[in-house]
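Presented below is the structure to which this report refers.
Numbering (this note's numbering), first residue to last: 1 to 166.
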């Protein structure tokens with residue numbers, strides 16, 4: 001059995017294809033399904049604070065209870081309320097999206113609407129999950145996002161140039 005990666009790193013960009021499909025970057029699809037025996041299932045949910053989606057493989061669900069414990073303990077240390085049921089619902093309310101060996105998948109409309117995703121998606125590694133951004137939503141983020149914004153601009157320009165050559 002292949003060992004699961006400890007996190008998602010890297011980046012990618014996908015324009016929506018002619019059949020309405022996007023392409024999951026190779027590093028992320030290999031992390032989700034490292035062998036042919038692993039299900040090619042992309043889990044997608046709305047990020048709890050940012051206007052983007054989070055993506056991960058089914059194996060991440062094994063860590064949800066520990067994550068809830070950590071978040072609850074941190075809230076208690078800060079003397080803040082923590083609604084464990086609400087947070088659990090946020091974590092467990094994800095859509096399971098199949099993708100093929102080339103990484104192609106169809107983004108459901110309700111998820112696209114939640115994150116204002118349309119013509120292109122910028123994928124950014126983020127450790128236990130990766131994020132899927134509409135470029136304009138990423139460009140609107142405040143200070144601290146400059147590196148990710150620059151990567152997205154470069155990847156979007158490269159994808160547009162490649163599409164023009166076809």
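Beta carbons: idealized from backbone N, C-alpha and C, even for Gly.
Model, not experiment: these values are computed from the prediction.
Segment limits, beta strand (DSSP E) that includes residue i
i, result
"residue 147", "Element bounds for residue 147: not the beta strand (DSSP E) but the alpha helix (DSSP H), 146 to 165."
"residue 8", "Note, residue 8: premise wrong, no beta strand (DSSP E); not H, not E."
"residue 60", "Taken as a continuous stretch (DSSP letters only), residue 60 belongs to no beta strand (DSSP E), as it is neither H nor E."
Cβ neighbour criterion (16 or more within 10 Å) applied to residue i
i, result
"residue 102", "exposed"
"residue 92", "exposed"
"residue 78", "exposed"
"residue 98", "exposed"
"residue 11", "buried"
"residue 76", "exposed"
"residue 115", "buried"
"residue 29", "buried"
Sequence-distant residues of its chain with Cβ nearer than 8 Å to residue i (five each side left out)
i, result
"residue 131", "47, 50, 52, 53, 54, 55, 123, 124"
"residue 166", "none"
Paired residues, beta bridge with residue i - DSSP
i, result
"residue 30", "Answer by DSSP bridge pairing: none, since residue 30 is not bridged."
"residue 15", "120"
"residue 82", "According to DSSP, which records beta bridges pairwise, residue 82 is partnered with nothing at all."
"residue 55", "44, 130"
"residue 77", "Note: residue 77 sits in no beta bridge, so no partner."
"residue 96", "43"
"residue 49", "In DSSP, residue 49 forms no bridge with anything."
Boundaries (first-last residue) of the alpha helix (DSSP H) holding residue i
i, result
"residue 129", "Where residue 129 is concerned, there is no enclosing alpha helix (DSSP H), given that its DSSP letter is neither H nor E."
"residue 104", "Premise fails: residue 104 lies in the beta strand (DSSP E), 104 to 106, not in any alpha helix (DSSP H)."
"residue 135", "135 to 139"
"residue 112", "109 to 114"
Close Cβ partners of residue i (< 6 Å) along its chain, the five nearest in sequence each way excluded
i, result
"residue 139", "149"
"residue 133", "52, 122"
Beta-carbon proximity list for residue i, same chain, < 7 Å, skipping 5 on both sides
i, result
"residue 135", "120, 122, 152, 156"
"residue 72", "82, 84"
> Counting Cβ pairs closer than 8 Å, one from the region 144 to 155 and one from the region 47 to 63, do we hit at least three?
Replying inline: no
> Pairing CB atoms from the region 81 to 95 with CB atoms from the region 13 to 28, are three or more of them under 8 Å?
Replying inline: no
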